[in-house]
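**Q** I'd like to ask you about the structure that follows.
Quick look at the structure:
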């Protein structure tokens, strides 16, 4: 443990209160959840009432994220496989971000894809499907 690091709660620097604790997750031990989209599974790593979320998504080969619009910036990092849309292709270790208003269809390549997605707000789907973190 570095000098000065302790297992005590620190004081916030910007307010006279205790610093809120970090939240550690083990995504490998979390179950994959089915989604409204065939061949796409998800793990919710972070979600809050504003709609901001971080998702680990697993797409089977050829799985499609149907036509949708981004209501805020979306950031995607490809961990495995190929993730593509009409505008381009992302391979493992590559990153794409899409601005609010971007409308597209995305899909996994022939080997599937595992991606990390960061959403500031949920997407809106043309066919009315619910976003991954929307309540049932």
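Residue numbers (UniProt numbering): 1 to 136. Built from N, CA and C at the ideal position, the CB exists for glycine as well. Source: prediction; values computed, not measured.
Among 70, 71, 107, which residue has its Cα nearest to the Cα of residue 88?
**A** Of 70, 71, 107, the residue nearest in Cα terms is 107.
**Q** Would you mind sorting residue 132 into buried or exposed? The rule is 16 or more other CB atoms within 10 Å of its CB.
**A** So residue 132 ends up on the buried side.
**Q** Give the range of the beta strand (DSSP E) segment to which residue 20 is assigned.
**A** Premise fails: residue 20 is in no beta strand (DSSP E) and is neither H nor E.
**Q** Grouping DSSP H, G and I as helix and E and B as strand, with all else coil, what is residue 134?
**A** In this structure, residue 134 counts as coil in the three-state DSSP scheme.
**Q** Tell me the residue span of the beta strand (DSSP E) that contains residue 103.
**A** Per DSSP, residue 103 belongs to the beta strand (DSSP E) from 103 to 119.
**Q** Is the distance from the Cβ of residue 58 to the Cβ of residue 42 below 9 Å?
**A** Taking 9 Å as the Cβ cut-off, residue 58 and residue 42 qualify as a contacting pair.
**Q** Let me confirm a value: residue 103 is counted as buried when at least 16 other C-beta atoms fall within 10 Å, else exposed. Which label applies?
**A** Per the 10 Å Cβ criterion, exposed.
**Q** Check the C-beta distance from residue 124 over to residue 69 and give it rounded, since I have them as a contact under 8 Å.
**A** Confirmed, Cβ separation roughly 5 Å.
**Q** Closest to residue 77 by C-alpha separation, out of 33, 10, 36, 97, would be which residue?
**A** Of 33, 10, 36, 97, the residue nearest in Cα terms is 97.
**Q** Identify the residues that DSSP records as bridge partners of residue 42: which are they?
**A** Per DSSP, 33, 57.
**Q** Whole-angstrom Cβ separation of residue 40 and residue 83, contact assumed at under 8 Å?
**A** The pair is not a contact, with the Cβ atoms about 11 Å apart (cut-off 8 Å).
**Q** Is the separation between the beta-carbon of residue 119 and that of residue 62 shorter than 9 Å?
**A** Contact flag unset, no.
**Q** Tell me which residue opens and which closes the beta strand (DSSP E) that residue 76 is part of.
**A** Its beta strand (DSSP E) spans residues 74 to 85.
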